[in-house]
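According to numbering that gives the first Met the number 0, the stretch in the sequence shown is residues 0 to 230, in order.
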Amino acid sequence: MNFLSHYYLDHQIDDSLFVVGACTPDLLSIFDRKIKFKERSVSKRVQNREITAEQLSFYQGVIRHFQVDKLFHASDFFHTETQQLGLDLREAFPNKEIQRSFFVAHILLELGLDRLLIQKDEGLLAQFYNHFERCTPQRIKKLTSWLAGDDALASYDAFLRKFTQDRHLYRYKDWSYIIYVLKRIMRRVGIFEYSYLDSREFLTFLDAYEMDLGRRYEQVLQGFVHKLSAQ
């Protein structure tokens, strides 16, 4: 899941360190792909150690991220949605090479969920960013360094400051920005053939997919909320 979908599942929680912690694995991946931030290594950092209340909140948020990702990626919804979307992409552009269509479908689904949540309630974004404003970048950097086992994380505080100030999630309302983000992610994983993304047909494709996804996404997300509350 992307940032806002993760937040939506726990947006009733008012603990800002928990919320920021739940975003941290994705934030670190963007900041430096070489940093390996895995549930097992994170859990070892706190095993049999006394930790402060703020460290506990941050740690629980990080663990929540891994729980949500496991639930989402193992769900019938995820597998059915990405398989069908990948197939639809190949059928919509039969004369184009759709490299790693499953991966492209995966990213489109996650971006599309965030976009639908923003359209439904833009106030959710304000709440999301407010949690980051409650925590200074230096404080988040210190907690992240502690949990990642990296005492430096040079410039991570500057990265966090820019993330908070730019508020780029607001730009998800514009399909052109969604496409920009998609291209950037594709390049990061070695996909450089994406000319179909610049066509009018792709915008038509996105509109149709969003209309379809919009009919069922809330019920699906609420299902995840119930499953998480039962854990």
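We put the CB at the ideal spot given by N, CA and C, even for glycine.
Just so it is clear, the structure is predicted and the values come from calculations on it, not from any experiment.
Excluding residues up to 5 positions away in sequence, L108 lie with their Cβ nearer than 6 Å to the Cβ of E80 in the same chain. DSSP, reduced to helix, strand and coil, places R138 within a helical segment of the structure shown.
Around the beta-carbon of H64, 16 or more other beta-carbon atoms lie within 10 Å, marking it buried. In the structure shown, the three-state DSSP call for V188 is coil. By the 16-neighbour rule on beta-carbons within 10 angstroms, T143 is buried.
With contacts defined by Cβ atoms closer than 9 Å, L3 and L227 do not form a contacting pair. Residues T163 of the same chain have their beta carbon placed closer than 8 Å to that of E132, with the five preceding and five following residues left out of the count. Take E217, set aside five residues on each side of it, and the residues of its chain with a beta-carbon closer than 8 Å to its own are K119, in chain order. DSSP places F36 in the coil class of the three-state scheme, outside both helix and strand. Around the beta carbon of R114, a 10 Å sphere encloses 16 or more other beta carbons of the protein chains shown; the residue is thus reported as buried. The continuous alpha helix (DSSP H) containing M210 extends over residues 199-213. Residue L116 holds the alpha-carbon nearest to the alpha-carbon of R170 among G222, Q11, I12, L116.
DSSP assignment within the region 23-68 yields the following whole alpha helix (DSSP H) runs of 4 residues or more, N-terminal first: 38-45.
Per DSSP, reduced to three states, the secondary structure at S15 is helical.
Looking at V188, I178, R187, D211, the one whose alpha-carbon comes closest to that of L196 is I178. For R160, the enclosing alpha helix (DSSP H) covers residues 155-165. Contact between V41 and H130 is absent: CB atoms are separated by about 20 Å, not below the 8 Å threshold. The shortest C-alpha to C-alpha distance from H225 to any of V67, E53, A207 is the one to V67. R214 and G60 have their C-alpha atoms spaced approximately 30 Å apart.
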